[in-house]
Amino acid sequence: MASLLQDRLTTDQDLLLMQEGMPMRKVRSKSWKKLRYFRLQNDGMTVWHARQARGSAKPSFSISDVETIRNGHDSELLRSLTEELPLEQGFTVVFHGRRSNLDLVANSVEEAQIWMRGLHLLVDLVTSMDHQERLDQWLSDWFQRGDKNQDGKMSFQEVQRLLHLMNVEMDQEYAFSLFQAADTSQSGTLEGEEFVEFYKALTKRAEVQELFESFSADGQKLTLLEFLDFLREEQKERDCTSELALELIDRYEPSDSGKLRHVLSMDGFLSYLCSKDGDIFNPACLPIYQDMTQPLNHYFICSSHNTYLVGDQLCGQSSVEGYIRALKRGCRCVEVDVWDGPSGEPVVYHGHTLTSRILFKDVVATVAQYAFQELRRKILVKGKKLTLEEDLEYEEEEVEPGLEGEHESELALESQFETESEPEPQEQNLQIKDKKKVVTCPLFCPSICCQIVAQAPISKPGSLLLSQQKSKTILCPALSSLVIYLKSVSFRSFTHSKKHYHFYEISSFSETKAKRLIKEAGNEFVQHNTWQLSRVYPSGLRTDSSNYNPQELWNAGCQMVAMNMQTAGLEMDICDGHFRQNGGCGYVLKPDFLRDNQSSFHPERPISPFKAQTLLIQVISGQQLPKLNKTKEGSIVDPLVKVQIFGVRLDTARQETNYVENNGFNPYWGQTLCFRVLVPELAMLRFVVMDYDWKSRNDFIGQYTLPWSCMQQGYRHIHLLSKDGISLCPASIFVYICIREGLEGDES
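And the structure:
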């Protein structure tokens, strides 16, 4: 089980010093700063900490959970403590998902550099691992956990304990027979490759072996033609050529002799099925594959609500980290609530609440730093615009009961937050379509929509907003003059919008109002969104930062459906899954019937000529499912699989398998689920694995969500994600997908 990681652990000086351990201050807030002793474990994959140098230690974090390392100067918290702690000795461990950052301060600059270099090296090694290397490392980690006395050998008693930790409940005699077969040295223990062989025997997959033999003439290998037949017949890859099949053999066959003979062994076949090519998500949908030259209003745009919040809407923490996380996950519309702060310094927070405050200049600097990674350095800033006839006053938007409304405006800026006025929209940047002007892609693609919300006054002259007089908010003329392409306007009715509004204007809707309009005038809403942008934001009653289901709003063609991205759950799974396609650029082209301004589509009553389809999903088996509920460490999971479809109301459905008792390691279901879908172009699929519990609600294990249009047919693995969207490798479920045109049972 030797690997590059293990080689580095014995030769790299930084990693050797980290394994010895060092004292560092752990900083949680201005008032919480504690000395802790941190040490990299011998496996190179986990860092533990203790209160004293030789005290009882416990896990701090896993290297696989780390996204990046930042120096002290880039830490929002450490910068606020510069008078107490030297920034040069500090660094921040940033984790994937929504886990809070870990701020540490070493005793010297040299020690801080040791940890920063070492952690960077480890993160790079883990990130560069392929599937097999990750599996090997995962196996090595389990060996370390099972080897209780750390002698590099595993007795049968240690193996029994390990099986329980790995979610396996197995007959003792059968387990012992596998143990004896792997113990080729007959030492009574398993070492190195012996443990690997034991694991292979443990994970032998009869369902894959049976599938392999059904296409193999001799049961030992797949010839090039046999593998080509499998790809065309079962994987539905009708256009697959011999050249492509040969390329896959070269990619996944582990033996050199097999590659030379152009055959695929059982191990190579399984490697293919577990790879990206065998994944349920079509690899062709991973890069930017859609037409990116259409008008802005023809795209769904990944959008966030109150981006600065990393907690709830009333007392939660405001942080620039919210912007960093949102932008890194593909968000292209962020929100900035700007208020008057101390000494006229603009601050950002959720007005009239107890949420903490951050400086506006820090937000701007953060967006400038992270918004343009692969982007085209163009920004649209939403805001109100004054007309020549107005007396510096503007109408207030309709507000959601309970909290303030959102007063928004939009302006186009080249590069990073320039303040000079832009000219009026030029004809060369526009297209004429049915007497409506629409903005073409060169203006934005792929860009970021940055929203500045004016919910309270900023009194200092020269700031973005001026002071409030009585009940009216006064808008700074300098800001107003920058509003060119997208002017925020209050929505009154679809008739009023069609008569009075223009292509460069945008209206915002609370989720309550948007849902009501969909029910009352769904087709009009669809047509409205073919020529004007709409933004939907969560109800003011969602003080816990919960989310609505964005699918219902996408069905009407709403482009900016704002989400509380700090809150994990089903709704964010749908959002993340939807924008996983098209290179994760944050823009997804709407279906053609949502781009046609004469469309007859009604999301509540979809009718022909939409091509209905029937989906058959055979849920076959599961692999290495984790045990995530810490209160049930003494038990084995009883997994079941739930499949959910989200789309138009008539397509929304869910079905689930039976549960498998006491087996989270290699459960087998073999059940087929059937769904009838009227509008597959809008459908999303969510696969959820749950731990059955008859006493209470089932516990979440993992999920994976993807668009119908990105789904591959055939025998596919679904690699599970955590609640935060982080890989649970090697946890997966094995399924067979079949899509048939029309609805089963139709005479046609």
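Per this note's numbering, the sequence shown starts with residue 95, numbered consecutively.
Every residue gets a Cβ at the ideal spot worked out from N, C-alpha and C, and that includes glycine.
Quick caveat: nothing in here was measured; it's all calculated off a predicted structure.
Inset, instruction - Indicate whether residue 793 and residue 688 have their beta-carbon atoms separated by less than 9 Å. - result: Pairing residue 793 with residue 688 gives a Cβ-Cβ distance that is not under 9 Å.
Inset, instruction - Look up residue 626 in the DSSP assignment and give the residues it is bridged to. - result: Per DSSP, none; premise fails for residue 626.
Legend entry - Touching by the beta-carbon criterion (3+ pairs, under 8 Å), the segment 592 to 605 and the segment 629 to 643: The answer is yes - the segment 629 to 643 touches the segment 592 to 605, with three or more Cβ pairs under 8 Å.
Inset, instruction - For the alpha helix (DSSP H) holding residue 802, just list the boundary residues, first then last. - result: Unbroken run through residue 802: none, as it is neither H nor E.
Legend entry - Strand pairing of residue 186, partner residues [DSSP]: Partner residues in the beta bridge of residue 186, as assigned by DSSP, are 164 and 197.
Inset, instruction - Note down the Cα distance separating residue 454 from residue 836, rounded to an integer number of angstroms. - result: Rounded to whole angstroms, residue 454 and residue 836 show a C-alpha spacing of 54 Å.
Inset, instruction - Can you have a look at residue 732 and say buried or exposed, based on whether 16 or more other CB atoms are within 10 angstroms of its CB? - result: Its Cβ being crowded by 16 or more others within 10 Å, residue 732 is buried.
Inset, instruction - Just tell me which of 767, 476, 647 and 463 has its CA closest to the CA of residue 741. - result: Nearest C-alpha to residue 741: 647.
Inset, instruction - Could you check if residue 476 is buried or exposed, using at least 16 other CB atoms within 10 Å of its CB as the buried criterion? - result: Residue 476 comes out buried.
Legend entry - Stretch pair the segment 203 to 218 + the segment 153 to 171: three plus CB contacts closer than 8 Å: The segment 203 to 218 and the segment 153 to 171 touch, with no fewer than 3 CB-CB distances between them shorter than 8 Å.
Inset, instruction - Could you pull out every residue in the same chain whose Cβ sits closer than 6 Å to the Cβ of residue 357, ignoring the five residues on either side in sequence? - result: Taking C-beta separations shorter than 6 Å and ignoring five residues to either side along the sequence, the partners of residue 357 in its chain run 315 and 317, following chain order.
Inset, instruction - Kindly provide the ranges of any beta strand (DSSP E) runs that are 3 or more residues long and lie completely inside the segment 736 to 788, ordered along the chain. - result: Within the segment 736 to 788, the complete beta strand (DSSP E) runs of at least 3 residues are 747 to 750, 762 to 771 and 778 to 785.
Legend entry - Three-state class that DSSP yields for residue 599 in the structure shown: Strand.
Legend entry - Buried or exposed by the 16-neighbour rule on C-beta atoms within 10 Å, applied to residue 671: It is buried - the Cβ of residue 671 has at least 16 other Cβ atoms within 10 Å.
Inset, instruction - Return the CA-CA distance between residue 705 and residue 698, expressed in angstroms with no decimal places. - result: Between residue 705 and residue 698, the C-alpha separation is close to 16 Å.
Legend entry - Of the residues 783, 787, 363 and 340, the one placed nearest residue 809, counting alpha carbons only: Nearest of 783, 787, 363 and 340 to residue 809, Cα basis: 363.
Inset, instruction - Check whether the segment 805 to 819 touches the segment 148 to 158, counting contact only when three or more Cβ pairs, one atom from each stretch, lie closer than 8 Å. - result: Between the segment 805 to 819 and the segment 148 to 158 there are fewer than three inter-stretch CB-CB distances shorter than 8 Å, so the stretches are not counted as touching.
Inset, instruction - Could you tell me whether the segment 713 to 721 touches the segment 636 to 646, using the rule of 3 or more Cβ pairs below 8 Å? - result: By the Cβ rule, the segment 713 to 721 does not count as touching the segment 636 to 646, because fewer than three pairs are nearer than 8 Å.
Inset, instruction - Within 10 angstroms of the Cβ of residue 202, are there 16 or more other Cβ atoms? Answer buried if so, exposed if not. - result: Looking at its Cβ environment, which holds fewer than 16 other Cβ atoms inside 10 Å, residue 202 is exposed.
Inset, instruction - Compute the distance between the beta-carbons of residue 100 and residue 234, then report whether it is under 9 Å. - result: Contact: yes.
Legend entry - Best match in 448, 579, 439 and 444 for proximity to residue 456 [C-alpha to C-alpha]: Out of 448, 579, 439 and 444, 439 has the C-alpha closest to the C-alpha of residue 456.
Legend entry - Buried/exposed call for residue 700, threshold 16 Cβ in 10 Å: Looking at its Cβ environment, which holds 16 or more other Cβ atoms inside 10 Å, residue 700 is buried.
Inset, instruction - Closer than 6 Å by C-beta to residue 143: which residues in its own chain qualify, once you throw out the five before and the five after it? Chain order, please. - result: In the same chain as residue 143, and ignoring 5 residues on each side of it, the C-beta atoms closer than 6 Å to its own belong to 130, 132 and 154, in chain order.
Legend entry - For residue 236, the three-state DSSP class (helix, strand or coil): If DSSP states are grouped into helix, strand and coil, residue 236 belongs with the helices.
Inset, instruction - Flag this pair as touching only if the segment 430 to 448 and the segment 653 to 670 have three or more C-beta atom pairs under 8 Å; answer yes or no. - result: Segments in contact, no.
Legend entry - contact_flag[the segment 389 to 401, the segment 650 to 670] where n(CB pairs < 8 Å) is 3 or more: Cβ pair count under 8 Å is three or more, so yes.
Inset, instruction - Could you name the residues of the same chain whose beta carbon sits closer than 6 Å to that of residue 307, not counting the 5 residues immediately before and after it, in chain order? - result: 313.
Inset, instruction - Enumerate, from N- to C-terminal direction, the unbroken alpha helix (DSSP H) stretches of 4 or more residues contained entirely within the segment 382 to 431. - result: Runs of the alpha helix (DSSP H) lying entirely within the segment 382 to 431, each at least 4 residues long, are 415 to 422 in chain order.
Inset, instruction - Taking the CB atoms as reference points, tell me whether residue 331 and residue 340 lie closer together than 9 Å. - result: For residue 331 and residue 340, no; Cβs fall outside 9 Å.
Inset, instruction - Look up residue 830 in the DSSP assignment and give the residues it is bridged to. - result: The bridge partners DSSP lists for residue 830 are 712 and 809.
Inset, instruction - Buried or exposed for residue 322, please, with buried defined as at least 16 other CB atoms from any protein chain shown within 10 angstroms of its CB. - result: Under this definition residue 322 is a buried residue.
Inset, instruction - Inspect the beta-carbon positions of residue 449 and residue 428 and report whether they are closer than 9 Å. - result: Not closer than 9 Å, so no.
Legend entry - Extent of the continuous beta strand (DSSP E) run through residue 223: Careful: residue 223 lies outside any beta strand (DSSP E) and carries neither H nor E.
Inset, instruction - Classify residue 666 as helix, strand or coil using the three-state DSSP reduction. - result: Looking at residue 666 - three-state DSSP - the assignment turns out to be helix.
Inset, instruction - Could you tell me which residues DSSP pairs with residue 707 in its beta bridges? - result: According to DSSP, which records beta bridges pairwise, residue 707 is partnered with 771 and 835.
Legend entry - First through last residue of the alpha helix (DSSP H) which encompasses residue 731: In this chain, residue 731 is not harboured by any alpha helix (DSSP H), its DSSP state being neither H nor E.
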